[in-house]
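Before any comments, here is the structure.
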Amino acid sequence: MNDTLPVIAIPPVVEESLTDAERADLTARIKAQLIAQDAVLVAHYYTSADLQRLAEETGGCVSDSLEMARFGHAAKAKTLIVAGVRFMGETAKILSPEKRVLMPDLGAECSLDLSCPADKFAAFCDQHPERTVVVYANTSAAVKARADWMVTSSIAVRVVAHLHAQGKKILWAPDRFLGDYVQRQTGADMLLWQGACVIHERFKADGIRALHRQHPEAAILVHPESPFEVIALADRVGSTTQLIRAVTEMPNPTFIVATDNGIFYKMQAAAPGKLLLEAPTGGVGATCVSCAHCPWMAMNGLRKVLHALETGANEIHIDPATGQRAIHAINRMLSFAGQTGITLAGLSAD
Ligand code: 13P
Numbered sequence: 045m046n047d048t049l050p051v052i053a054i055p056p057v058v059e060e061s062l063t064d065a066e067r068a069d070l071t072a073r074i075k076a077q078l079i080a081q082d083a084v085l086v087a088h089y090y091t092s093a094d095l096q097r098l099a100e101e102t103g104g105c106v107s108d109s110l111e112m113a114r115f116g117h118a119a120k121a122k123t124l125i126v127a128g129v130r131f132m133g134e135t136a137k138i139l140s141p142e143k144r145v146l147m148p149d150l151g152a153e154c155s156l157d158l159s160c161p162a163d164k165f166a167a168f169c170d171q172h173p174e175r176t177v178v179v180y181a182n183t184s185a186a187v188k189a190r191a192d193w194m195v196t197s198s199i200a201v202r203v204v205a206h207l208h209a210q211g212k213k214i215l216w217a218p219d220r221f222l223g224d225y226v227q228r229q230t231g232a233d234m235l236l237w238q239g240a241c242v243i244h245e246r247f248k249a250d251g252i253r254a255l256h257r258q259h260p261e262a263a264i265l266v267h268p269e270s271p272f273e274v275i276a277l278a279d280r281v282g283s284t285t286q287l288i289r290a291v292t293e294m295p296n297p298t299f300i301v302a303t304d305n306g307i308f309y310k311m312q313a314a315a316p317g318k319l320l321l322e323a324p325t326g327g328v329g330a331t332c333v334s335c336a337h338c339p340w341m342a343m344n345g346l347r348k349v350l351h352a353l354e355t356g357a358n359e360i361h362i363d364p365a366t367g368q369r370a371i372h373a374i375n376r377m378l379s380f381a382g383q384t385g386i387t388l389a390g391l392s393a394d
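Residue 45 is where the sequence shown starts when you use the numbering used here, and the numbers rise one by one after that.
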């Protein structure tokens, strides 16, 4: 199958380091730029607390990848500054081609996106023309353009269950762990691309079991990009938004959380009295390169947001023909969510 996946070089995690005075100065200047340029900041839960706080304070959005795009699309602002990884900026641009979309750092990649080059993916699809092509949001515009459906982690099971009920066979890309989870949940016939998220694939079942022995009162929350053995331990599996909601809904005083630790900013705010523990990434014989934080997400910071706003650097451009094809796959999911009454937005509904 797709056994020649690209080798992905994982950069070190380099967090922006600021003094309080620098943070205050940058924040004030960004706020002024956002107003002057009719711009809005849209940030993912995995970005720094500084960016999430600023997005909240300025009427922007902190959410998962899909809601970021939907918020950007609905926003009246002429410019979107998308703090996250590149596919998030691209998805925002596909849904809002008339808006200027800037990113703090265009080098902020996603290992899932990198694992799935558009030409190799198209060849794979061509080998299986009988299959409905469903891709995860964490893909390039060109890969989305080749797909029948795009899904996010919050809706993947429901879309595939719907297609399975229609007798469709699925070609799924790029996350093999999420694909495996969806396959087990739905029983659908799924052919899986073999990509993985370099953060989630490092969570270790043994380490989580050991931590749970120390905190038997804890519920285990797992993002479905994690390996099967880790998902098998979960009390709740879900997207970032769904995991944040879980800490407010579940009675447990303690949670072991297997996803990028950037989520702790909003999760702790949602449940201030609860103890949140990072799921271990290094089991026996494992190495910890990323330590539960995406090095590409860490490339976002206040300095780079200001630079992009002041200079117009790092604008996302999508070939219009590619964008027009890609939007069909995204809109299919949005209209499915609308027809089935699924609210993807925010933390208020499932
Ligand atoms: P969510 O849609 O759950 O926020 O996931 C985005 C992502 O990239 C996870 O690695």
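Ideal Cβ placement from N, Cα and C applies to all residues, glycine included. Predicted, not measured: the structure shown is a model, and the values here were computed from it.
Option in the options with minimal Cα separation from residue i
i: residue 236; options: 178, 295, 203 and 81; result: 178
i: residue 103; options: 109, 95 and 62; result: 95
i: residue 135; options: 116, 151, 152 and 149; result: 116
i: residue 142; options: 375, 362, 373 and 191; result: 362
i: residue 182; options: 162, 121 and 273; result: 162
i: residue 298; options: 264, 56 and 341; result: 264
i: residue 85; options: 352, 373 and 338; result: 352
i: residue 321; options: 171, 302, 59 and 335; result: 302
i: residue 164; options: 318, 358, 49 and 306; result: 49
i: residue 245; options: 106, 325 and 210; result: 325
i: residue 91; options: 78, 355, 148 and 231; result: 148
i: residue 151; options: 338, 205, 270 and 373; result: 338
i: residue 395; options: 383, 174, 198 and 118; result: Residue coverage of the chain in this structure runs from 45 to 394, which leaves residue 395 outside it and unanswerable.
i: residue 87; options: 377, 380, 275 and 112; result: 112
beta-carbon residue i near ligand 1 non-hydrogen atom, thresh 8 Å
i: residue 309; result: no
i: residue 398; result: In this structure the chain extends from 45 to 394, so residue 398 is not present and cannot be described.
i: residue 88; result: yes
i: residue 129; result: yes
i: residue 181; result: yes
i: residue 338; result: yes
i: residue 91; result: no
i: residue 366; result: no
i: residue 256; result: no
i: residue 154; result: yes
i: residue 224; result: no
i: residue 192; result: no
i: residue 61; result: no
i: residue 269; result: yes
i: residue 74; result: no
i: residue 117; result: no
i: residue 159; result: no
i: residue 379; result: no
i: residue 140; result: no
i: residue 401; result: Since the first residue shown for the chain is 45 and the last is 394, residue 401 is missing from the structure and cannot be characterised.
i: residue 241; result: yes
For residue i, the first and last residue of its enclosing beta strand (DSSP E)
i: residue 217; result: 214-217
i: residue 246; result: Neither: residue 246 is in no beta strand (DSSP E) and is coded neither H nor E.
Residue range of the alpha helix (DSSP H) that includes residue i
i: residue 226; result: 220-230
i: residue 208; result: 200-209
i: residue 291; result: 284-293
i: residue 353; result: 346-355
i: residue 169; result: 162-171
i: residue 309; result: 308-314
Nearest-angstrom beta carbon gap, residue j and residue i [assumed within contact, 8 Å]
i: residue 125; j: residue 98; result: Actually they do not touch by this definition, with Cβ atoms about 10 Å apart.
i: residue 366; j: residue 189; result: 5 Å
i: residue 270; j: residue 308; result: Actually they do not touch by this definition, with Cβ atoms about 17 Å apart.
i: residue 346; j: residue 63; result: 12 Å between Cβ atoms; not a contact.
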